[in-house]
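Sequences listed follow chains L and Z, in order. The first sequence begins at 138 in this note's numbering and counts up one residue at a time. The second sequence begins at 11 in this note's numbering and counts up one residue at a time. Backbone N, C-alpha and C define an ideal beta-carbon position, used for all residues, glycine too. Since this is a predicted model, take the numbers as computed values, not measurements.
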Amino acid sequence: MSKKQIMLGNQAIARGAYEAGVKVSAAYPGTPSTEISENIINYKEIYAEWSPNEKVAMEVAIGASISGVRSLCSMKHVGVNVASDPLFTVSYIGVNGGLVLVAADDPGIYSSQNEQDSRMVARSAMVPVLEPSDSEEARVFTKKAYEISEKYDTPVILRTTTRLSHSQGVVNLEDRVEVDDKVYERNMRKTVMMPACAIERHKFVEQRLKDLANDACDMDINKMEINDTSIGVISSGIPYQYVKEVLPNASVLKLGIVNPLPRKLIEEFASKVDKLYIVEELEPVIEEQVKSWGIKAIGKEIFTVQGEYSANMLRKAILGEELDIAEAEQVPNRPPILCPGCPHRSTFSVLKKLKIHAAGDIGCYTLGAVAPLNVIDTTVCMGASISTLHGMEKAKGREFIKDWVAVIGDSTFLHTGVNSLMNMVYNKGTGTVLILDNSTTGMTGHQEHAATGKTLMGEPTYPINLYNLCKAMGIENVYEVDAFDLDAMESIIKQEVAREAVSVIICKSPCALLKSYVPKGKCIVDDEKCKKCGACLVPGCPAMTKKDGHIVIDETMCNGCGLCMSKCPFDAISLKKAGE
Amino acid sequence: MAKNTVNIMIVGVGGQGTLLASRILGNITTSAGYDVKISEVHGMAQRGGSVVTFVRYGENVAEPIVEEGQADILIAFERLEALRYAHFLKKDGTIIINDQRIDPMTVVTGAMEYPENIIENLSAKYNVISVNAMAEAEKMGNTRVFNTIILGLTATKMEFAKEAWIETIKAIVPPKTVELNLKAFEAGFAMNA
């Protein structure tokens, strides 16, 4: 079969996993990795799930591998931190069926809380890393990763970046090769990592890395392109494309495997060129190793460790070109905002009115930190809202958090927030936790989770009940409230923040972007009743604006959530119901 | 066939539907035998933020992004976004603007002002084609197809045959919306003055 299709990098990874005979995939959604799982479900031969967090996903994939089948888990770079506990140890255990972890880095921080480099994690975990540079390679390298995994008895990291994951290119489709399941045999010395076994396996891991570094020199995923030898460049991944754009005639060593590095190959390449550049986004992972071998090279002296690279950046840095580019116009920023009809805006408008600070978490609702809401004071990582609030209380006493709450989304709560809540109960905290329950994993594009009642593969399942879950921890004060019922929310929040006990308020209302969401109608301003006070504009709905002194609601954007109506002291906004 | 790589950008506000237009563009280029790369934005920026999609096609495309000073065509789904990205255009590049205003939060809160006379100012420097595709789409009874209208207009500035566009649209848009999208495409195609 020879067929071509335009595919996202993530789509091509899913395709590669399918062609490689993968049978199990587990993941937690996270930009830029999410579309891998969303595409894998198109292949009925693969069982795929959303796990509650990346650690669990990794362990599911490990179990599948030990049982003898090829398995995949995928996550964003910060998800790898969550999964690092099983990752570091499965490096010792190795695999039975091939095991691949896709780590999706985010240089430029398009949708993350940092721009850490997963190659650094891989080095400490002593796990090989393959890095494709376009969609076709994403497919091919995924398959190659399974070969390496089984040949060297190691999990393999396939590293992608936002630009690769979210770029489309032409991909050649091949057939799936059904791989026979490996036989499972009990082998305690390999799969039970207690000290005596781990000591032996660590020796194996060290040797494995040496063998890989040696064999990597002959792997066809590395490409040495010898052209003009006055300039030589070592690169990999997406930066390779910028190098080709700027220096089409230079000699290039394109690395497909970036951990461990193929030292002999690099030494050979370096000896052939006059001036050697190392072009890699984020940390100088290749550069520091190459320089430590006594090879002269230019890297982070002229290239940044921050953000994405570009051809123009390389033109300036390597060729010293002054580019004739018109200056960007000074225009108002357009930062991301909560959507029209978003229930988080409603909840935040109450917190804002009550002058309450919020320890925040990871999700769309992180946008509650910025104007005009300005409610969230802290955002660290998944699940951190509840525990940071608890830390504040333990440090400064109850008085310090008397006007604080923790806010956390439903999916994030199930990810790692639940542990933090357990801690608050156990260690006698008195914080107030708001679970912003919009019945989905919103920011990553609406994925199911353990409380939605549906699996990734679209099957109905038992929905975990957040109210009962909190009750089961022994929390007496648990409430469910409609996120658009401002009066009820206000009185419950006031009452619970004052209470000397842990309380949980589940603010419920579905995300306005869900397919199942039915807009209530459109909000209409009665210009005669309107006193132009602007109270309706305070929550910052993007469907509303003031034009020539009049309040205007954009009918194409309005979902009729009614928040502006609730805010209007003059009854000047009414709801025109759908169909009226 | 075009000798050099052709660079197209689609800019707009998250949620306006830039991804459908780029998919159609991408597929029409490969059906004509070109290599193509498309780069898009997912995640947080999609929530009402400024979004940009790059489409590059040619014999052999390396980088997936269009950089400053390189775009042949800039398709802007909103006026302010046209202004924001205008410096990405080549000197003789063309901007196709959907003449719609969506205030960013910085304007709604009064922190900044929405620039006046954007289209006039851009017209002084670039080839500008500005249409109110939103009003046209409203006439068709579905504002969401304004992007297909813009695509129809863009098609008149590109090398591909009209029939090829129609075939590509039929293959890509959801079956139920084929008729409406084709109508929108024709309307846009006819807008070329």
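Once you ignore the five residues that flank residue i on each side, which residues in its own chain have a CB closer than 6 Å to its CB?
{"i": "SER548 (chain L)", "result": "THR578, HIS586"}
{"i": "ILE435 (chain L)", "result": "TYR414"}
{"i": "VAL407 (chain L)", "result": "Residue 407 (chain L) is actually Ala in this sequence, not Val. Closer than 6 Å at Cβ, skipping near neighbours: LEU413, ILE432."}
{"i": "GLY205 (chain L)", "result": "ASN233, GLY234, ASP318, LYS319, TYR321"}
{"i": "VAL183 (chain Z)", "result": "ASN191"}
{"i": "THR299 (chain L)", "result": "PRO169, ASP243, TYR247"}
{"i": "SER479 (chain L)", "result": "The sequence shown places Cys at residue 479 (chain L), rather than the Ser named in the question. Counting only Cβ-Cβ distances below 6 Å, and skipping sequence neighbours, we find ALA649."}
If I measure Cβ to Cβ from residue i and keep anything under 8 Å in the same chain, skipping five residues before and after, which residues do I get?
{"i": "ILE160 (chain Z)", "result": "ALA31, ILE85, PHE87, ILE106, ASN108, VAL141, ALA143, GLY198"}
{"i": "MET138 (chain L)", "result": "In this predicted model, MET138 (chain L) has a pLDDT of only 45, less than 50, meaning its place in the structure is not dependable enough to derive any value."}
{"i": "LYS141 (chain L)", "result": "VAL307, VAL308, ASN309, LEU310"}
{"i": "LYS657 (chain L)", "result": "ASN696, GLY697, CYS698, GLY699, LEU712, LYS714, ALA715"}
{"i": "ALA102 (chain L)", "result": "Summary: the structure shown does not reach residue 102 (chain L), with chain L confined to residues 138 through 717, and so no result is reported for it."}
{"i": "GLY590 (chain L)", "result": "PRO597, THR598, TYR599, PRO600"}
{"i": "ILE629 (chain L)", "result": "TYR616, VAL618, ILE642"}
{"i": "SER653 (chain L)", "result": "PRO647"}
{"i": "ILE176 (chain Z)", "result": "LEU192, PHE195"}
{"i": "ALA96 (chain Z)", "result": "LEU84, ILE105, LEU132, LYS135, TYR136"}
{"i": "LYS401 (chain L)", "result": "ASN351, CYS354"}
Which same chain residues end up closer than 7 Å to residue i when comparing Cβ atoms and leaving out the 5 residues on each side of it in sequence?
{"i": "LYS280 (chain L)", "result": "GLY153, GLU156, ALA157"}
{"i": "ILE538 (chain L)", "result": "LEU526, MET529, GLU530, GLY568"}
{"i": "SER650 (chain L)", "result": "The question names Ser, but residue 650 (chain L) in the sequence shown is Leu. Excluding positions up to five away in sequence, the list reads CYS476, HIS583."}
{"i": "THR152 (chain Z)", "result": "It is Asn, not Thr, that sits at residue 152 (chain Z) in the sequence shown. Within the same chain, ASN152 (chain Z) has close Cβ partners LEU190."}
{"i": "GLY36 (chain Z)", "result": "VAL46, ILE48, VAL65"}
{"i": "LYS428 (chain L)", "result": "ALA434"}
{"i": "TYR124 (chain Z)", "result": "LEU90, ARG111, ASP113, VAL117"}
{"i": "LYS192 (chain L)", "result": "VAL219, ALA220, ASP222, PRO223"}
{"i": "GLU50 (chain Z)", "result": "LEU29, SER32, THR63"}
{"i": "ASN176 (chain L)", "result": "ASN147, GLN148, ALA151"}
{"i": "TYR180 (chain L)", "result": "TYR155"}
{"i": "THR40 (chain Z)", "result": "VAL46"}
{"i": "ASN251 (chain L)", "result": "VAL215"}
{"i": "ASP722 (chain L)", "result": "Chain L is shown only over 138 to 717; residue 722 (chain L) falls outside these bounds and no answer can be derived."}
{"i": "THR441 (chain L)", "result": "none"}
{"i": "THR682 (chain L)", "result": "VAL689"}
Between residue i and residue j, which are expected to be in contact by the criterion C-beta below 8 Å, what is the C-beta distance as a whole number of angstroms?
{"i": "GLU425 (chain L)", "j": "GLU417 (chain L)", "result": "That pair is no contact at about 10 Å."}
{"i": "ILE358 (chain L)", "j": "LEU301 (chain L)", "result": "The pair is not a contact, with the Cβ atoms about 15 Å apart (cut-off 8 Å)."}
{"i": "ILE474 (chain L)", "j": "PRO269 (chain L)", "result": "Not really, about 34 Å apart at Cβ, beyond 8 Å."}
{"i": "VAL542 (chain L)", "j": "LEU571 (chain L)", "result": "5 Å"}
{"i": "VAL370 (chain L)", "j": "ALA387 (chain L)", "result": "6 Å"}
{"i": "ILE455 (chain L)", "j": "VAL410 (chain L)", "result": "So it is not a contact: roughly 13 Å between Cβ atoms."}
{"i": "ASN127 (chain Z)", "j": "GLY27 (chain Z)", "result": "With a Cβ gap of about 27 Å, ASN127 (chain Z) and GLY27 (chain Z) do not count as contacting."}
{"i": "ALA185 (chain L)", "j": "LEU551 (chain L)", "result": "Their Cβ separation, rounded to whole angstroms, is 18 Å, which puts ALA185 (chain L) and LEU551 (chain L) out of contact at 8 Å."}
{"i": "PRO676 (chain L)", "j": "ARG482 (chain L)", "result": "5 Å"}
{"i": "ARG94 (chain Z)", "j": "VAL468 (chain L)", "result": "5 Å"}
{"i": "MET561 (chain L)", "j": "ILE523 (chain L)", "result": "6 Å"}
Three or more C-beta pairs below 8 Å linking the segment 340-356 of chain L and the segment 278-296 of chain L: yes
Proximal residues, the segment 436-461 of chain L versus chain Z, C-beta separation under 8 Å: SER447, ALA448, ASN449, LEU460, ASP461
Contacting positions in the segment 471-494 of chain L - beta carbon closer than 8 Å to chain Z: ARG471, PRO472, PRO473, ILE474, LEU475, CYS476
Any 3 or more C-beta pairs closer than 8 Å across the segment 313-333 of chain L and the segment 163-178 of chain L: Contact fails: fewer than three Cβ-Cβ distances are below 8 Å.
Ranges of the alpha helix (DSSP H) found wholly within the segment 542-568 of chain L, counting only runs of at least 4: 555-563
Continuous beta strand (DSSP E) assignments of at least 3 residues falling wholly in the segment 344-392 of chain L: Counting only runs of 3 or more, we get 360-362, 365-372, 387-391.
Continuous beta strand (DSSP E) assignments of at least 3 residues falling wholly in the segment 109-178 of chain Z: 137-141
The segment 375-384 of chain L / the segment 443-453 of chain L touching (three or more Cβ pairs under 8 Å): yes
Length at least 4, wholly inside the segment 267-311 of chain L: the alpha helix (DSSP H) runs in chain order: 272-289, 299-302
Stretch-stretch touch, CB-based, cutoff 8 Å, three pairs: the segment 683-703 of chain L with the segment 644-664 of chain L: yes
Validate contact between the segment 192-201 of chain L and the segment 231-241 of chain L using beta carbons, cut 8 Å, 3 pairs: yes
Stretch-stretch touch, CB-based, cutoff 8 Å, three pairs: the segment 482-502 of chain L with the segment 541-557 of chain L: yes
Cβ contact (3+ pairs, closer than 8 Å) linking the segment 15-32 of chain Z and the segment 68-81 of chain Z: Output reads yes: the segment 68-81 of chain Z touches the segment 15-32 of chain Z.
Three CB pairs or more closer than 8 Å across the segment 478-489 of chain L and the segment 451-465 of chain L: no
Members of the segment 534-560 of chain L near chain Z, C-beta cut-off 8 Å: none
Secondary structure, beta strand (DSSP E): runs of 3+ residues fully inside the segment 566-646 of chain L: You should have 569-574, 614-619, 640-645.
Against chain L: residues of the segment 16-33 of chain Z by CB proximity under 9 Å: Of all residues in the segment 16-33 of chain Z, only VAL23, GLY24, GLY25, SER32, ARG33 place a beta-carbon less than 9 Å from a beta-carbon of chain L.
Interface residues of the segment 270-304 of chain L facing chain Z [CB-CB below 7 Å]: ARG300, HIS303, SER304
Chain L contacts made by the segment 91-103 of chain Z, where a contact means CB separation under 7 Å: Within the segment 91-103 of chain Z, the qualifying residues are LEU93, ARG94, ALA96, HIS97.
Length at least 4, wholly inside the segment 658-683 of chain L: the alpha helix (DSSP H) runs in chain order: none
Segments of 3+ residues assigned as beta strand (DSSP E) that fall wholly inside the segment 21-88 of chain Z: DSSP runs (the beta strand (DSSP E)) wholly in the segment 21-88 of chain Z: 45-49, 60-68, 81-86.
Against chain L: residues of the segment 49-65 of chain Z by CB proximity under 8 Å: SER49, GLU50, VAL51, HIS52, GLY53, MET54, ALA55, GLN56, ARG57, GLY58, GLY59, SER60
Cβ-based contacts, 8 Å cut-off: residues of the segment 360-381 of chain L near chain Z: ILE375, GLN378, TYR379, LYS381
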